[in-house]
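These notes are about the structure you will find just below.
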Amino acid sequence: MENYFSTWGSPLTLVTDNGPSFCSSEFSTFLKFYGVEHIRTPPYHPPSNSAAENMVKTFKDKLKKLVKSGISTQKSIHMFLMSYRSTPHCTTGYTPAELHLGRKMRTRWGLLRPSLRARVESQQCQQKLYAPGKRQVIYELDENVMAENVTGKDWVRAKIKKVVSPVVYLVRTIDGRLWK
């Protein structure tokens, strides 16, 4: 624990069961030195430490399956920890790594699609450009365009003759009429 505390800092509280190593005066002195409040769960009452009990159950189940598939115990432990630490927790909505490190954990899944983030950002920019009411197209004088006939709801060919405002143009239709 001293290595952990020196690397990551000491927690405010530590919840443990009543194992002999957690009840020793040496452990109590160690926690007091680092200013850690020690909370011990009631003996013979696993529900009071359900988060830890669930973690142990999940770990044993996954480890058994990984080892059974032919992966070494040590490799299985590393695979489980990587998966567990990089999976969002249903209660917090964050991964344990994010809560612990303050950032997302890099995993091999992120390496499979390194350009995904760039593509998503590019698509979001495109959506902003083409969203209704957001896209501002600038036409040049004498540029050929299609103009909407507001009375007949048809579109006709026209040419830009004058820029009235950034979104209003004076156009001449192919039959010579001027429209705004």
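Every number in the numbering used here is 943 more than the matching position in the sequence shown, counting from 1. Even for Gly, the Cβ is constructed at its ideal location relative to N, Cα and C. Since the model is a prediction, treat every value here as computed from it, not as a measurement.
Sequence-distant residues of the same chain with beta carbon closer than 8 Å to residue i, five excluded per side
i    : result
V979 : S953, P954, L955, T956 and L957
D927 : Nothing in the structure corresponds to residue 927, since the chain is present only between 944 and 1123.
Rounded Cβ spacing between residue i and residue j (contact assumed at less than 8 Å)
i     : j     : result
K1102 : V1111 : Not really, about 15 Å apart at Cβ, beyond 8 Å.
L1009 : M1022 : 6 Å
7 Å CB neighbourhood of residue i in its chain, flanking five on each side removed
i     : result
E1083 : I1103
L1042 : T1035
F970  : S964
Member of the options whose CA lies at the smallest distance from the CA of residue i
i     : options                     : result
I982  : K1000, G962, N997 and T1001 : G962
P1031 : K1047, D960 and I1020       : K1047
C966  : P986, T950, Y977 and W951   : P986
N992  : D960, K1007, I1020 and S964 : D960
I1117 : K1105, V1088 and V1010      : V1088
Residues that residue i bridges to, as DSSP identifies them
i     : result
M1089 : R1100
R1115 : K1102 and L1121
L957  : H981
S1108 : V1111
Contact set for residue i: own chain, Cβ-Cβ below 6 Å, skip 5 residues either direction
i     : result
T972  : none
E1086 : I1103
S1065 : none
Could you tell me which uninterrupted alpha helix (DSSP H) segments, each at least 4 residues in length, are contained entirely in the region 991 to 1025, listed from first to last along the chain? 993 to 1011
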